[in-house]
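Asker:
Number of protein chains: 2
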Amino acid sequence: MELLEILECSPPLAREPLSAGQAAGVARVFKALGDPVRLRILSIVASRAGGEVCVCDITDAFELSQPTISHHLKVLKDVGLLTSERRSSWVYYRLVPETLGELSALLTVPTTV
Amino acid sequence: MELLEILECSPPLAREPLSAGQAAGVARVFKALGDPVRLRILSIVASRAGGEVCVCDITDAFELSQPTISHHLKVLKDVGLLTSERRSSWVYYRLVPETLGELSALLTVPTTV
DNA sequence: CATCTATATTGATGGAGGTCTATAGATGCT
DNA sequence: AGCATCTATAGACCTCCATCAATATAGATG
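Just so you know, the protein sequences line up as chains A and B, in that order. Mapping of the first sequence onto the UniProt record's numbering: residues 1 to 113, in sequence order. Mapping of the second sequence onto the UniProt record's numbering: residues 1 to 113, in sequence order.
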């Protein structure tokens, strides 16, 4: 089952308890967000004007080895937060806004106002 | 520095890249959400009508040892997602809606509509 | 005080994950 | 073809963490 489907079928945390299956899927995505490097990578891609970022630009932004960055990108891609496309020598990563939006909705709390 | 403060000072991922310090703080909270048991615990507390749940009720909802549940509750409390209050023999946990709300805002994506 | 219940802490263990080096694969250029 | 560059994969190392059994702490009650 696609992770995005699980997110779409999971009620907001504040509405009703998650099933074990839903929790397992949702946890995979949050676990991907639970690393500072991945969070920074995601924010770099998500906030980029053109919408896409070359791997080389991301690698330059960190003092980490290239394989380590590649590993983090794979994790973010596997949970459906990023997609990638190769064009000639370079690979460009893009945000999947639907996944991020579903996560945001999941955490939404009834307005305390 | 309080984690909630860090969340309040962190821009939405889609707006600008997180600093290393912001990412470290935010990652701690998402890491806490990156476990299926903790997600279910959080949803149980967040969706409870009265707003508070006794530890014994949570323990009953899982086939895990009592110390394991206690450990997960501590993790959720340490990152500011839950608070606890002891009343006589029992300890009651409550959601901290501000923290969840800040997380939700952090993941908000400009409406694709 | 003694004891029972509810919850937290400690210490141990097995497995997951972040990082690195080395290497492989893919693309373009000469 | 051969080489240089960009990215991904494989394997190793080390740390972190989820879980448990055992024990400690706190409150109620006899």
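Quick reminder that beta carbons are idealized off the backbone N, C-alpha and C, glycines included. It should be emphasised that the depicted structure is a prediction, and the values quoted were computed from it without experimental measurement.
Which class does A/Arg86 belong to by DSSP, given the choice of helix, strand or coil?
Answerer: As a position in the first sequence, residue 86 of chain A is number 86, starting the count at 1. It is a strand residue.
Asker: CB-CB under 6 Å to A/Gly25, same chain, minus the five flanking residues each way: which ones, in chain order?
Answerer: Here residue 25 of chain A corresponds to residue number 25 of the first sequence, with the count starting at 1. Closer than 6 Å at Cβ, skipping near neighbours: Leu3, Ile6.
Asker: Would a check of beta-carbon distances place A/Ile41 closer than 7 Å to chain B?
Answerer: Taking the first sequence and counting its residues from 1, one reaches residue 41 of chain A at position 41. In terms of beta-carbon proximity, A/Ile41 stays away from the interface with chain B, with every pair separated by 7 Å or more.
Asker: Quick one: list the residues of chain B neighbouring A/Val109, beta-carbon separation under 9 Å, in chain order.
Answerer: Within the first sequence, the letter at position 109 stands for residue 109 of chain A. Simply Ala46, Leu95, Pro97, Glu98, Leu100, Gly101, Ser104.
Asker: I need the straight-line Cα distance from A/Asp60 to B/Ser104, nearest angstrom please.
Answerer: Here the question's residue 60 of chain A lines up with position 60 in the first sequence. Here the question's residue 104 of chain B lines up with position 104 in the second sequence. Those two C-alpha atoms are separated by around 29 Å.
Asker: Counting contacts by CB-CB distance shorter than 7 Å, is A/Asp60 in contact with chain B?
Answerer: Taking the first sequence and counting its residues from 1, the one referred to as residue 60 of chain A is at position 60. False, the Cβ-Cβ gap to chain B never drops below 7 Å.
Asker: Any idea what DSSP makes of A/Val53, helix, strand or coil?
Answerer: Stepping through the first sequence from its first residue, residue 53 of chain A is reached at position 53. Strand at A/Val53.
Asker: Could you tell me the alpha carbon to alpha carbon distance between B/Arg86 and B/Tyr92, rounded to whole angstroms?
Answerer: Translated into the one-based positions of the second sequence, residue 86 of chain B becomes position 86. Translated into the one-based positions of the second sequence, residue 92 of chain B becomes position 92. Cα to Cα, the separation comes out at about 6 Å.
Asker: Taking the DSSP output, what are the residues bridged to A/Arg94?
Answerer: Here residue 94 of chain A is taken as the residue at index 94 of the first sequence, counted from 1. Answer is A/Glu52, A/Thr83, bridged to A/Arg94.
Asker: Residues of chain B with CB closer than 8 Å to the CB of A/Ala49, please, in chain order.
Answerer: Here residue 49 of chain A corresponds to residue number 49 of the first sequence, with the count starting at 1. Near A/Ala49 there are no residues of chain B at all, since even the closest Cβ is about 11 Å away, more than 8 Å.
Asker: Does DSSP put A/Gly34 in a helix, in a strand, or in coil?
Answerer: Residue 34 of chain A sits at position 34 when you count from the first residue of the first sequence. Coil.
Asker: Starting from B/Ser70, trace the alpha helix (DSSP H) in both directions and tell me its first and last residue.
Answerer: Taking the second sequence and counting its residues from 1, the one referred to as residue 70 of chain B is at position 70. Looking at the DSSP string, the run of the alpha helix (DSSP H) that includes B/Ser70 is 66 to 78.
Asker: What does B/Leu18 reach in chain A if we use C-beta pairs closer than 7 Å?
Answerer: For the purposes of this step, residue 18 of chain B is taken as the residue at position 18 of the second sequence. Correct list: Leu39, Arg40, Ser43.
Asker: With a cut-off of 8 Å on the beta carbons, I'd call B/Gly34 and A/Lys77 a contact; round off their distance for me.
Answerer: Taking the first residue of the second sequence as position 1, residue 34 of chain B is located at position 34. Taking the first residue of the first sequence as position 1, residue 77 of chain A is located at position 77. In fact, because the Cβ distance is near 17 Å, the residues do not count as touching under 8 Å.
Asker: Verify the CB distance criterion: does A/Asp35 have a CB-CB separation below 7 Å to chain B?
Answerer: Stepping through the first sequence from its first residue, residue 35 of chain A is reached at position 35. Yes, contact with chain B.
Asker: Return the CA-CA distance between B/Thr83 and B/Leu95, expressed in angstroms with no decimal places.
Answerer: Within the second sequence, residue 83 of chain B is the residue found at index 83, counting from 1. Within the second sequence, residue 95 of chain B is the residue found at index 95, counting from 1. Spanning the two alpha carbons is a distance of roughly 7 Å.
Asker: My understanding is that A/Arg40 touches B/Pro17, with C-beta atoms under 8 Å, so please give their C-beta distance in whole angstroms.
Answerer: One-based indexing of the first sequence puts residue 40 of chain A at position 40. One-based indexing of the second sequence puts residue 17 of chain B at position 17. About 6 Å separates the two Cβ atoms, so the contact holds.
Asker: Less than 7 Å separating the beta-carbons of A/His71 and A/Arg38?
Answerer: If you number the first sequence from 1, residue 71 of chain A lands on position 71. If you number the first sequence from 1, residue 38 of chain A lands on position 38. It is not a contact, given that the beta carbons lie outside the stated cut-off.
Asker: If you measure from the beta carbon of B/Arg15 to each beta carbon in chain A, is any gap under 7 Å?
Answerer: Mapped onto the second sequence, residue 15 of chain B falls at position 15. Yes, B/Arg15 counts as interfacial toward chain A.
Asker: DSSP three-state label for B/Ile29, please.
Answerer: The residue you call residue 29 of chain B lines up with position 29 of the second sequence. The sequence given here places Val at residue 29 of chain B; Ile does not occur at that position. B/Val29 falls in the helix class under three-state DSSP.
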